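Using my numbering, the first residue of the sequence shown is number 542, and each one after it goes up by one. Ideal Cβ placement from N, Cα and C applies to all residues, glycine included. Note that the structure is predicted; figures quoted are calculated from it, not measured. One structure is given below, encoded as structure tokens.
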Amino acid sequence: MPRHFRKTRLARAISYGSIPVIGLLSGQSVAQEGLFETIIVTSTRREANVQEIPLNISAVGGEQIEDLRLDGIGKISYYVPGLTVVDRGPRNPVPDVLVRGLNTTALGPGFDASTVATYFGDLPLALDINPVDLERVEVLIGPQGTLYGQGTMGGAIRYIPRVASTGDGFTVGVRGNSYLNAEADDFGFNYGVTFNIPLIEDVLAVRLNADRRDDPGFIDYNYVVREGGVSNPEPDFSDPSDVAANLRRVEDANGEETDSLRVNLHWTPTDWLDANLWYYEQETEAGGRQIAHRLAFDTGRYESGLRYEEPFDFTNELISFDAKVDLGFAEATLVYGEAEYDELGQRDQTDLLLDFEYGYEFFPSFSAFTREVAKQEAETMEIRLVSTYDGPLSWVFGYFNDDASRISTSEEFTPGFDAWAFDNFGTFALRPANDEYVEMFDQNIEETAFYGEISYAITDDFTATIGYRDYEYDTDVQGGFGLPLSET
């Protein structure tokens, strides 16, 4: 006679009270005197000292990033007033950025998640970029639609990479550090190497960066079922042998391994042309979620009650070209790039399905997990003209086009449930794949913008500026779902 599964305190607590372990990384002023004094930024499309620009712009220089070991935008936000990043762990490819305390992240199946744009050089790239070998990181707070092509209603974060030097000769640089988290069993490491190789003196050079980040994690998954559909996820917790027969422990499950590769070909054939070809790849193998159930269920402070491991792998690739041409009266910039993103992940879905009360709770060995697959491609072009002549009148005009598409699927699996339901009720057909639910989304977004601004310096201390932006934002979403278990 089969036993009946009761939704006990563990099942209810996890589904109702999952509390993420997050760090609200609030922006702070830099205490070190003179840290930003000599940083030159180009956020206004012209070179200027960051302290002399009458806009809400902050910058962290490359040397400060290296000295302070700021290995992500979360830590960089410590030094940017008004910028906050919610640290949800390595499974979150795009950081949750808050500007002035406002969360601009949208909800839904799409990938247009934030009105804070992230730029790698002059090209938008939604990614927590590994900040190595950079000139600086610039952060603009507030709308920037008259200076930037992509919609930047909340602000913009610009990673300015170092370009290959055509005149410094062959150089090699190495970097690395280690650290120990009090809750981790192993050390974490960051290490990398940079090569600068001149090919034609003062004309052509290549720069290569290769880096690795190995973070051990600190969240333990202590209730993982040994075999889905066979192991009892609710054993007799007063009997250590019953617990050991059905559950296993995974220590430091939310670890991360990230590899990044960046190659730059820098070409300066004349005084009036400066061109760059870029290739950037970042691949992350992330472990479990940065989440604990200490308050929902009496686990340890850094323990999760989930039944399955939750690996999440994602890769970003970018190839781009940018060229600046000195026209005498203005500087013309052309930027073109193609980006590709792939992800493969898994989540525990046990408690969500139990909450639906569809009868899953009667299966003694019920557990469920999902598998997510997504692919995203984007093609971006921007043309910009910036005045360079002397005088009180200055201007910026630009055209921007971004065409992106994303296809994603999510499947739910309920191991062993089909056989149990068939044996007990005869109302379900056997499904060897154990698939219970599937959904698909196909989304396309195209954004086109004409933008610009004109400034007039009335005095040395007073400048009047008028800006304009005309944009079109088209999105097309198609989606569907199926219930293969109940439809058979």
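In this structure, the CA atom of Leu1024 is about 18 angstroms from the CA atom of Phe907. Here the alpha carbon of Phe991 sits roughly 10 angstroms from the alpha carbon of Gly686. Boundaries of the alpha helix (DSSP H) around Val784: 781-787.
In the three-state reduction of the DSSP assignment, Asn965 falls in the helix class, which pools H, G and I. Around the Cβ of Thr693, a 10 Å sphere holds 16 or more other Cβ atoms; the residue is buried. As the crow flies, the alpha-carbon of Val766 is around 14 angstroms from that of Ala794.
Under the three-state reduction of DSSP, Gly939 is assigned to strand. By the 16-neighbour rule on beta-carbons within 10 angstroms, Glu851 is buried.
Within a 10 Å sphere around the beta-carbon of Phe1022 sit fewer than 16 other beta-carbons, which makes this residue exposed. The C-beta distance from Gly603 to Leu675 rounds to 4 angstroms, short enough to meet the 8 angstroms contact threshold. Annotated three-state conformation of Ala746 is strand, per DSSP. With contacts defined as CB atoms closer than 7 angstroms, Leu666 and Leu859 qualify as a contacting pair. Sorting Tyr849, Glu822, Leu836 by C-alpha distance to the C-alpha of Val791 places Tyr849 at the top. Residue range 871-889 is occupied by the beta strand (DSSP E) that includes Gly878, with no alpha helix (DSSP H) assigned at that position.
Between Ala945 and Leu926, the alpha-carbon positions lie close to 25 angstroms from each other. At a Cβ-Cβ threshold of 7 angstroms, Thr712 and Val744 do not count as neighbours. Taken through DSSP and simplified to helix, strand or coil, Gln831 comes out as coil. Taken through DSSP and simplified to helix, strand or coil, Gln823 comes out as strand. DSSP, read as helix, strand or coil, puts Asp931 in coil. Residue range 1004-1023 is occupied by the beta strand (DSSP E) that includes Gln1019. Residues Val715, Ala751 of the same chain have their beta carbon placed closer than 6 angstroms to that of Val734, with the five preceding and five following residues left out of the count. Between Leu609 and Ser618, the CB-CB gap reaches or exceeds 7 angstroms.
Under the Cβ criterion (8 angstroms, minimum of three pairs), the region 986-1003 does not count as touching the region 949-966.
Under the three-state reduction of DSSP output, Leu836 falls in the coil class, being neither helix nor strand. With the rule of 3 Cβ pairs closer than 8 angstroms, the region 892-912 counts as touching the region 947-963. Taking each of Tyr877, Glu822, Ile999 in turn and checking the Cα distance to Leu664, the smallest one comes out for Tyr877. With contacts defined by Cβ atoms closer than 7 angstroms, Ile924 and Leu875 form a contacting pair. Across the structure, Trp961 and Phe904 are spaced so that their CA atoms are roughly 7 angstroms apart. Collapsing the DSSP output to three states places Gln685 in coil. Gly846 has its alpha-carbon roughly 7 angstroms from the corresponding atom of Thr840. The beta carbon of Tyr821 sits closer than 6 angstroms to the beta carbons of Arg803, Leu859 from its chain, once the five residues preceding and following it are set aside; these are given in chain order. Gln1019 counts as exposed, since fewer than 16 other C-beta atoms from the protein chains shown sit within 10 angstroms of its C-beta. Assigned with DSSP and collapsed to three states, Glu604 falls in helix. Secondary structure at Tyr700: strand, using DSSP grouped into helix, strand and coil.
Residue environment: Ala919 is assigned as buried (16 or more neighbouring CB atoms within 10 Å of its CB, all protein chains considered).
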